[in-house]
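Okay, so here's the structure we're looking at.
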Amino acid sequence: MLEAKNISAGYGSVPVLRDVDVAVNKGEIVLIVGENGAGKSTLLRTLGGFIKPERGTVTYNGEDVTGQSPEKLVRKGLRLVLDGHRVFPEISVFDNLRLGAAAKPADKAGFDRAVENILTVFPILKEKLRAYARDLSGGQQQMLALGQAFVAQPTVLLCDEPSTGLAQALLPPILTFLKNWAASGTAIIIVEQHIDIALPVADRAMVIERGQVKLSCAASDLKEQLRKLNEGRSTAAV
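What follows is the structure, given as structure tokens:
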């Protein structure tokens, strides 16, 4: 569904990513982990069209979309959910969901079904459907941000740090929601620091260090591969 090859990107004259490869298949969840500043969010912003890569290609559904704007990518079916609960604070929860579906304005029946699904998964949003988004808690705003993406029914979802600003107890239901979403065929890439909570929902995992892919493996093998990697470093240091 989405593949990037040899991606190098950054901010102005500051390089962040160097020759990064990543791919995600239909119905698959890829988890990207790494320390703060490693380049994880930069990678998602590059895939989502917010940063134009200096080198490399991004292919979506077999089409070269390198450097295309976020607006074009959203219409094609690729959606990025940014960290930090990015919702529209001065309008209602329901109107936020309506704006999320702006890329598919003609599909009212699909929108109604998607909203019903979202309100079933996150019932607190149903209780606050007519409230201003600014009055939601951080966790509720993160649920709303995911709802905005869901109603657009993207075929590829990029999700940057869904746990940002959340109580840790709120993360499992959000990740379970993403797992069920992937089961319907959506390809999902998640950046998340809470490895122990996120790993059970992922199919594959990548570790990024200093702008490069240090490790890529099945999610079930990640902890063992990290242990071996750290042991190798300790041996080399001696």
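My numbering puts the first residue of the sequence shown at 32, with every later residue one more than the last. Note that the Cβ used here is the ideal one computed from N, Cα and C, for glycine as well.
What does DSSP give as the partner residues of residue i in its beta bridges?
i: MET237; result: ILE63 and SER247
i: ALA17; result: Residue 17 lies beyond the stretch modelled for the chain, which goes from 32 to 269, so this question has no answer here.
i: PRO46; result: GLY41
i: ASP166; result: For ASP166, which the question treats as bridged, DSSP gives no partner whatsoever.
i: SER123; result: TYR163
i: VAL112; result: CYS190
i: ASP252; result: According to DSSP, which records beta bridges pairwise, ASP252 is partnered with nothing at all.
i: GLU305; result: Outside the displayed range of the chain (32 to 269) lies residue 305, so it cannot be described from this structure.
Mind checking which residues open and close the beta strand (DSSP E) that includes residue i?
i: THR280; result: The structure shown does not extend to residue 280, since the chain is modelled only from 32 to 269, so the question has no answer here.
i: ILE221; result: 218-222
i: LEU188; result: 187-191
Should residue i go down as buried or exposed, given a rule of 16 or more other Cβ atoms within 10 Å for buried?
i: ALA35; result: buried
i: VAL51; result: buried
i: GLN199; result: exposed
i: ALA140; result: exposed
i: LYS159; result: buried
i: ASP252; result: exposed
i: ALA214; result: exposed
i: GLY98; result: exposed
i: GLU192; result: buried
i: GLY93; result: exposed
Determine the extent of the alpha helix (DSSP H) in which residue i is found, giving its start and end residues.
i: SER72; result: 71-78
i: PHE81; result: Per DSSP, PHE81 belongs to no alpha helix (DSSP H) and is neither H nor E.
Return the Cβ separation of residue i and residue j in integer angstroms, given the expectation that the two are a contact with Cβ distance under 8 Å.
i: ALA132; j: PHE119; result: Rounded, the Cβ-Cβ distance is 13 Å, inconsistent with contact.
i: GLY80; j: LEU104; result: 5 Å
i: LYS210; j: ILE60; result: 7 Å
i: VAL124; j: LEU175; result: 6 Å
i: ALA40; j: LEU48; result: 5 Å
Between the Cα of residue i and those of the options, spot the shortest distance and give me the residue it belongs to.
i: ASN29; options: LYS245, VAL55 and TYR163; result: Here the chain has residues from 32 to 269 only, and residue 29 is not among them.
i: PRO231; options: ARG241, GLY216, ALA249 and LEU201; result: ALA249
i: PHE181; options: SER168, ALA40 and ILE149; result: ILE149
i: ARG165; options: ILE122, GLN224, ASN37 and LEU48; result: ILE122
i: ARG86; options: LEU74, GLU94, GLN172 and LEU130; result: LEU74
i: LEU167; options: ARG117, THR207 and LEU202; result: ARG117
i: GLY108; options: PRO185, LYS57, TRP212 and LEU33; result: PRO185
i: GLY43; options: LYS71, PRO84 and LEU33; result: PRO84
i: ARG106; options: THR88, THR151 and ALA183; result: ALA183
i: ARG129; options: ASP114, VAL146 and LEU113; result: VAL146
i: LEU189; options: PRO46, THR217 and ARG110; result: ARG110
i: ASN56; options: ILE219, LEU206 and THR88; result: ILE219
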